[in-house]
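S.K.: Here the sequence shown is numbered in this note's numbering, starting from 92 and rising by one per residue.
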Amino acid sequence: MTFIVDTMLGKLSRWLRILGYDTIYDPDLTIKQLAEESEKHNAIFLTRRKRLPENLIFRNLIFIPHDRFEDQIKFIVNKFGLSLKDQIFTRCIKCNLKVFQVSKEEVSSIVPERTYEGTSIFFKCPQCNNIYWIGTHYRNTIEKLKRIFPTENL
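#1: Between the Cα of Thr98 and those of His132, Ile155, Met92 and Ile148, spot the shortest distance and give me the residue it belongs to.
#2: Measuring only the C-alpha atoms, how far is Cys186 from Cys216?
#3: Sort Ile233, Ala126 and Asn133 by Cα distance to Pro144 and report the nearest one.
#4: Quick check on the burial criterion: 16 or more other C-beta atoms within 10 angstroms. Buried or exposed for Thr227?
#5: Counting C-beta neighbours from all protein chains within 10 Å, is the total for Ile148 16 or more, i.e. buried, or is it exposed?
#6: Pop quiz: Ile225 and Thr210 are said to be a contact at Cβ under 8 Å. What is the actual Cβ separation, rounded to whole angstroms?
#7: Taking Cβ to Cβ, would you say Ala134 is nearer than 8 Å to Asn151?
#8: Is Gln124 buried or exposed, if buried means 16 or more other CB atoms sit within 10 Å of its CB?
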């Protein structure tokens, strides 16, 4: 499942990526370009816009009726029955590409010394070379998801 997210939903796009879902978000694309990308990738187009140009065709258009991010992510997760844990942290939140595991030695000169000493598993984005690991950001994200989805076992 691929999502195309318009500029009004940038935070939602990051969280869909955190959950591991293919999410195209580029604030520089016009609404016409977003429509073309949606068609090209057979993607679900997510928007908060109440008016869209009449000459554009969106086959899979979903209007997000909520202002608050927490309500937006709940809406999407419930609407599509998305898993909260099967793919979590498998994508780069910047590039949207799947990250891959790298050796600890490979990141020794990149990550902070304290992180290097206390962490054994690292992941890397093949495009931007961002390094990820299970640390405070991971734990804070899980805690936030637990607050949003209190009945989920994360």
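Where is the CB? At the ideal position from N, CA and C, for every residue including glycine.
M.R.: So, from the listed chains and residues:
#1: Ile155
#2: Their Cα atoms are separated by approximately 8 Å.
#3: Ala126
#4: exposed
#5: exposed
#6: Contact annotation, Ile225 with Thr210: C-beta distance approximately 7 Å; criterion of less than 8 Å satisfied.
#7: Taking 8 Å as the cut-off, the beta carbon of Ala134 is found closer than this to the beta carbon of Asn151.
#8: exposed
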